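**Q** This note's numbering numbers the first residue of the sequence shown as 1492 and each following residue consecutively.
The C-beta atom is built at its ideal place from N, Cα and C for all residues, glycine as well.
As the structure is a computational prediction, the values presented were derived from the model and not from experiment.
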Amino acid sequence: MRKADKMTSKTVLKRFAITTVTCAALALPAAAQNLFATVVTVDDSVITEFEIGQRSRFLQLIGAPGSSRDGAIEALIDDRLKSKSASTVGLSLDAAGLADAMSEFAGRVNLS
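#1: If you draw a straight line from the alpha carbon of K1573 to that of L1552, how long is it in whole angstroms?
#2: What's the gap between the Cα of V1537 and the Cα of N1601?
#3: In three-state terms, what does DSSP make of V1503?
#4: Hey, out of D1534, M1593 and L1584, whose CA is closest to D1569's CA?
#5: On the criterion of 16 or more Cβ atoms from any shown chain inside 10 Å, does G1563 qualify as buried, or is it exposed?
#6: What is the DSSP secondary structure of S1558, reduced to helix, strand or coil?
#7: Could you please give the first and the last residue of the uninterrupted alpha helix (DSSP H) stretch that includes S1547?
#8: In chain order, which continuous runs of the alpha helix (DSSP H) of length 4 or greater are located wholly inside the region 1558-1589?
#9: Have a look at G1554, L1582, G1588 and D1585 and flag the residue whose alpha-carbon is nearest the alpha-carbon of R1599.
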């Protein structure tokens, strides 16, 4: 009788493991599709789940406060609003200005 109980337990455990792995595998494509779903719309610009994740990880990397999901969303909204304001008044960034800004930023976070 004990062998039958062990076989039943093993069978149940195997079925549970197979079901769990199958469910996880089926959930991955759905999660990947949602990465580019719109989370926030700022004027005519969208912020996606992918951008939020990237910004959050970047803020954590440089040790910035507000590296949570909400902090990342707020920072991305601010960026969109600043970009819109700059283009409204005709400001643009040339290659030399971008290189200078990158060097200055790298120096501030000790990446230079």
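**A** From the atom records:
#1: 23 Å
#2: 31 Å
#3: helix
#4: D1534
#5: The identity of residue 1563 in the sequence shown is Ala, whereas the question assumes Gly. Looking at its Cβ environment, which holds 16 or more other Cβ atoms inside 10 Å, A1563 is buried.
#6: coil
#7: E1540 to L1552
#8: 1560-1579
#9: G1554
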